[in-house]
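A.B. asks: Residue numbers (the working numbering), protein chains in the order written: chain A, 609 to 881; chain B, 2 to 308; chain C, 29 to 339.
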Amino acid sequence: MNHTTRKWSLRLVVVLYLGLLVGLPVGYLFIKAFSNGFHAFWVEVTKPNAIAALKLSAEVALIAVPVNTVVGIGAALILARRKFFGSRALTLAFDIPVAVSPIIIGVALVLAYSRIGWFGSWLSSHGIQILFSPIGIVMATMAVSLPYVLRSVLPVLIEVGKDQEDAARTLGAGGFRTFWQVTLPAIRWGVLYGVTLTIARTLGEFGAVLVVSGNITGKTQTLPIYIFDAWDQNFDTIGAFAGALVLASISIVALIILSTLRARERKLHVDLA
Amino acid sequence: MDTPARAPSSELGAPPARRGWRRFSSRARSSFGLYGGASLIVGYLSIIVLIPIAAVAAHGFSFSIHTQGWGAAFWHWHLSAGFATFWHDITQPAAISAIRLSLWLSLSVAAINAVMGVAIAWVLVRDKFPGKWFLEAFIDLPFALPTIVVGVVLLFLYGTASPLKISLFETWMGLMVALLFVTLPFSVRAVQPVLASLDGESEAAAKSLGAGGIRTFLWVVLPSLWPAVLGGFGLAFARAIGEFGSISLIAGGIGRTTTASSYIYNLTQGFLWTNAAAVSTALLVLSLLILIATNVFARRIQRRLAS
Amino acid sequence: MSISLSHLTKRYGADTVVNDVNVEIPEGSLTAVLGPSGSGKSTLLKLIAGLESPDEGRVVIEGDDVTDVDPRHRDIGFCFQHYAPFRHMNVARNIGFGLRVRKQPKDVIDAKVAELIELVRLDGKAKSYPAQLSGGERQRMALARALAIEPRVLLLDEPFGALDAQVRTELRQWVKELHRQIKVTTILVTHDQDEAMEVADQLLIMHQGRIEQAGEPTELYERPATEFVHGFLGPTTTFKGASVRPHDLELVATSVGAIEGNVQSIMELGFEVQVTVSLSDGSTPWVQMSRNEFRSINVGVGSPVSIRERD
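Below, the structure is given as structure tokens:
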């Protein structure tokens, strides 16, 4: 087998594999969308339960994403700039949510905070219900989307180095100003990358939320659960299809943002002489 | 420029807060910030991840603190009784078959994608052709796509109403396709940067010594890729063994295609929380072990390469 | 004295990187801290700036004990080895950063920045970003940024280390000229003895965390206190069991006070010629001479020669 044949057969294998595994299914979703027409889609997504699900998903993201962004940047700063006892353990702990099944995360939250859990009686005596409520959904979502900002920011922070921050300090800038005017601009693409990933993960989270939410139509259904429910319980394939289309479109937008950022970040890397 | 550019210091005035305690960078002050920030973060982490995970393990072993006394009898009774229930829960035939299915599916999926991941990474790094950027963006699609959307999409194509007349509904093949789909990015992205960082010098050296393309790849490139391939394998395996959303629809509701995660979910639907906790603990230990093993292996290989 | 360091010590774990350093640096001087890599010279600079805190000892700047003062309040201009430009700010905003921190009015900042841009010869580059500048330009921008706050002391960490040979020589001359103009006490760290000898009016030789010797360059070159300083400041060769400079030896026709031997090898390096001689006592010193001198003695490999110290 000569060089050219080998090259072409490798290309063929790769393109076929990606095409059949990823391209065909996702492409089919959009082809079907066009053939069904926009009207049918619009009817589906404007049903009250669909709108309620969309709204809940957005609300959950509005809480989970900012919190995880702040925590992620804070943790990245501490891990990149300080050496302290337990820093490795902290990094590992952040990775638990990706290493563990989302179903287990859901079960874990129930066993810790629901009425049958460790703190259930204390929480319910204070009028806080976590299982079958939006609070549980928010907590589950926060847990599964926790590591992404840290993971995107930490390598950038290490790469950028400490020199610019030290320079700002010798020029008289305090910690607050140094962070806002020097550190944050230097890592902004990393942050944006992490935030995009967090949003995508937040809107798409299914397993953990399914366990804690109790799946109450119109009340504790996020968009992914609405899709699951439509297909699995109500045999409403068109409804499931419409919901999937909304989520798929969001993630494709996210994907475009991500690959643009990566291209830019690579350029930045070249500039870092 | 005969006049000195340096003006008397007084002109600029003192920088803010030159006097007083704020002027001092006592180590205590900066440590205060470090430990304050770190404890907030650890607190948050504990509430949403660590405490709940601990609760799973404790419930898995039926370990409760609602008892009288803390003596030796307490520990003895709890540990023995706890382990017995745990063992009983995870040795249910349904539990065993679910865990077995998850294990072999995840191992084969991670293995297939490890091979394909190297091939795809190779094409992305070393090959050049129009439209490559599209392929590049494509790799992350399974990662960005919500798992339930993957489930819906696969069921549209390979469900009972398949336009291709291929129905994978309620088959292990269906599960496998879904798992290959969702783990693809992990396998590719683990290898790609390492492959890109190989400078090609040792490859050129091997070729100049008369080694052919395939031999160069096997003897020179692959050894340096091993840690990355193993790392990708570990990530893909962990993802596959915990996966739920993408396979929940195509698996249907039958025992033959019930994976460990689906089994746990089914238990929760019957409010069998203790059983769910037991199986969760087993799954947790299993995935942690594999993750640690691949990490240790990858690191050992890396160290050997470095020295 | 502008800066005085007493008993300054810094350890990283078991390593003592800076070991009991006691130094007085005169006001308005341009001091080079010279040493091989790993000698602790960069750490010493960071201790003065406050970017590292010492395990023992005091740092006093202009009579003010700043050992426990945060770097932001030390009034120090620090230039980093890789310049540490703020990449997202243009040249003018980089230079004006310290002035904005000090809440100067906008017109004062603008005037000062314009003055500095002219001083460091970056005219026309005010709106450029660091990525668009050459290495030498970035270096000058970093210098201007440090000078903008009118520091009591200017600290330069390997200022020419990352530049190519030609830009390097130009910048050395320019820094020396700049220092003559603005007279701010300056300390620069370098591992290059030529650079240190050329630019500085004071030298500190560092070795394994300690100061080996301090003083004016010619004094150190001529009267090195230790074998290390002797070896580090210029080439050495062994003659009559002692370490001497090869240009302090000469080849002569056999006569009193000289040792006989044969030419072992000759290396011509343009203007300079190095002749290695194998002596009867078994040693092989080498002699450094000019090309003209070499021509005038007319020897080749194997020629019998005598060697002695110049008067």
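Built from N, CA and C at the ideal position, the CB exists for glycine as well.
#1: In this structure, does DSSP put GLU143 (chain C) in helix, strand or coil?
#2: Kindly give me the distance between the Cβ atoms of ALA716 (chain A) and ILE54 (chain B), rounded to whole angstroms, as I take these residues to be in contact under 8 Å.
#3: Beta-carbon separation of VAL752 (chain A) and GLU813 (chain A) under 8 Å?
#4: Could you pull the DSSP bridge partners for TRP314 (chain C) from this structure?
#5: From ALA170 (chain C) to TYR111 (chain C), what does the alpha carbon distance come to, in whole angstroms?
#6: Report the residue from C:ALA190, C:HIS207, C:LYS140 and C:MET29 whose alpha carbon sits nearest the alpha carbon of ASP220 (chain C).
#7: Any residues in the stretch 100-118 of chain C with a beta carbon nearer than 9 Å to a beta carbon of chain A? Which ones, in chain order?
#8: In or out: ASN50 (chain C) buried (at least 16 other Cβ within 10 Å) or exposed?
#9: Since TYR157 (chain C) is in the beta strand (DSSP E), which residue starts that stretch and which ends it?
#10: With distances taken between CB atoms, is the gap from VAL668 (chain A) to VAL757 (chain A) smaller than 8 Å?
#11: Check whether the stretch 683-691 of chain A and the stretch 254-274 of chain B are in contact - that is, three or more C-beta pairs closer than 8 Å.
#12: Closer than 8 Å is the cut-off here; do at least three beta carbon pairs connect the stretch 132-152 of chain B with the stretch 272-289 of chain B?
#13: Note down the Cα distance separating ARG338 (chain C) from LEU216 (chain C), rounded to an integer number of angstroms.
#14: Can you find the residues in the same chain that come closer than 8 Å, C-beta to C-beta, to LEU637 (chain A), ignoring five residues on each side of it along the sequence?
#15: Hey, does PRO147 (chain B) have any beta-carbon neighbour from chain A nearer than 8 Å?
#16: Does DSSP put THR161 (chain B) in a helix, in a strand, or in coil?
#17: Please identify the residue among C:PRO133, C:GLN167, C:VAL45 and C:GLY328 whose C-alpha is closest to the C-alpha of ARG149 (chain C).
#18: Assuming GLY243 (chain B) contacts ILE712 (chain A) (C-beta within less than 8 Å), just tell me the rounded distance between them.
#19: Verify the CB distance criterion: does GLY124 (chain C) have a CB-CB separation below 8 Å to chain A?
#20: Could you name the residues of the stretch 830-846 of chain A whose beta carbon sits closer than 7 Å to any beta carbon of chain B, in the order they occur along the chain?
#21: Using 8 Å as the limit for Cβ to Cβ distance, is PRO656 (chain A) near chain C?
#22: Could you tell me whether the Cβ of THR778 (chain A) comes closer than 8 Å to any Cβ of chain C?
#23: Answer with buried or exposed for ASP141 (chain B), where buried requires no fewer than 16 other C-beta atoms within 10 angstroms of its C-beta.
#24: Can you check whether the C-beta of ARG690 (chain A) is within less than 8 Å of a C-beta belonging to chain B?
#25: Name, going along the chain, the residues of the stretch 746-771 of chain A whose beta-carbon falls closer than 7 Å to a beta-carbon of chain C.
#26: Classify VAL297 (chain B): buried if its beta carbon has 16 or more other beta carbons within 10 angstroms, exposed otherwise.
#27: Taking the straight line between their C-alpha atoms, what separation do you get for GLY118 (chain B) and TYR801 (chain A)?
#28: My assumption, with CB atoms under 8 Å, is that ILE89 (chain C) sits in contact with ARG102 (chain C). Please give the rounded CB distance.
#29: Here's the rule I'm using: 16 or more other beta-carbon atoms within 10 Å means buried, otherwise exposed. How should MET295 (chain C) be labelled?
#30: Determine whether the Cβ of ILE53 (chain C) lies closer than 8 Å to any Cβ atom of chain A.
#31: Using a Cβ cut-off of 7 Å, which residues of the stretch 253-278 of chain B contact any Cβ in chain A, in chain order?
#32: With a CB to CB cut of under 8 Å and the five nearest residues on each side skipped, what residues in its chain are close to SER30 (chain C)?
#33: Nearest-angstrom Cα distance between HIS611 (chain A) and GLY214 (chain B)?
#34: Could you give the first and the last residue of the continuous beta strand (DSSP E) run that contains GLU165 (chain C)?
#35: Whose Cβ in chain C lies nearer than 7 Å to the Cβ of ALA781 (chain A)?
#36: Would TRP797 (chain A) pass as an interface residue toward chain B - the criterion being a Cβ-Cβ separation below 8 Å?
C.D. replies: Let me lay it out:
#1: Secondary structure at GLU143 (chain C): helix, using DSSP grouped into helix, strand and coil.
#2: The Cβ separation is near 5 Å, so the contact holds.
#3: For VAL752 (chain A) and GLU813 (chain A), yes; Cβs fall inside 8 Å.
#4: According to DSSP, TRP314 (chain C) bridges with C:THR304.
#5: Straight through space, the alpha carbons of TYR111 (chain C) and ALA170 (chain C) are spaced by roughly 6 Å.
#6: Nearest of C:ALA190, C:HIS207, C:LYS140 and C:MET29 to ASP220 (chain C), Cα basis: C:ALA190.
#7: Only those residues of the stretch 100-118 of chain C whose C-beta falls short of 9 Å from the nearest C-beta of chain A are listed: ARG100, HIS101, ARG102, ASP103, ILE104, GLY105, PHE106, CYS107, PHE108, GLN109, HIS110, TYR111, ALA112, PRO113, PHE114, ARG115, HIS116 and MET117.
#8: Around the beta-carbon of ASN50 (chain C), fewer than 16 other beta-carbon atoms lie within 10 Å, marking it exposed.
#9: Annotation for TYR157 (chain C): no beta strand (DSSP E) segment contains it, and DSSP assigns it neither H nor E.
#10: No.
#11: No, the stretch 683-691 of chain A does not touch the stretch 254-274 of chain B.
#12: Output reads no: the stretch 272-289 of chain B does not touch the stretch 132-152 of chain B.
#13: One Cα belongs to ARG338 (chain C), the other to LEU216 (chain C), and the distance between them is close to 35 Å.
#14: Apart from the 5 residues on each side of it in sequence, LEU637 (chain A) sits with its Cβ closer than 8 Å to the Cβ of PHE849, ALA852, LEU853 and ALA856 in its chain, given in chain order.
#15: So yes, PRO147 (chain B) belongs to the interface.
#16: THR161 (chain B): coil per DSSP, three-state reduction.
#17: Per the Cα distances, C:GLN167.
#18: Confirmed, about 7 Å.
#19: Under the Cβ criterion of 8 Å, GLY124 (chain C) is not counted among the residues facing chain A.
#20: So the close ones are PRO832, ILE835, PHE836, TRP839 and ASP840.
#21: When Cβ-Cβ separations below 8 Å define contact, PRO656 (chain A) makes no contact with chain C.
#22: Interface residue, yes.
#23: It is buried - the Cβ of ASP141 (chain B) has at least 16 other Cβ atoms within 10 Å.
#24: Yes, ARG690 (chain A) lies at the interface with chain B (some Cβ there is under 8 Å from its Cβ).
#25: Residues ASP771.
#26: Its Cβ having fewer than 16 others within 10 Å, VAL297 (chain B) is exposed.
#27: Approximately 23 Å, taken between the alpha carbons.
#28: ILE89 (chain C) to ARG102 (chain C), Cβ: 7 Å. Contact.
#29: It is exposed - the Cβ of MET295 (chain C) has fewer than 16 other Cβ atoms within 10 Å.
#30: Among the CB atoms of chain A, none fall inside 8 Å of the CB of ILE53 (chain C).
#31: Residues SER262, ILE265, TYR266, THR269, TRP274, ALA277 and ALA278.
#32: Residues ILE53, PRO54, GLU55, GLY56, SER57, ILE89, GLU90, ARG180, VAL181 and THR213 of the same chain have their beta carbon placed closer than 8 Å to that of SER30 (chain C), with the five preceding and five following residues left out of the count.
#33: Take the alpha-carbon of HIS611 (chain A) and the one of GLY214 (chain B): they are about 8 Å apart.
#34: Residue range 163-176 is occupied by the alpha helix (DSSP H) that includes GLU165 (chain C), with no beta strand (DSSP E) assigned at that position.
#35: For ALA781 (chain A), the C-beta contacts it makes with chain C under 7 Å involve ARG100 and VAL129, in order along the chain.
#36: No, TRP797 (chain A) does not count as interfacial toward chain B.
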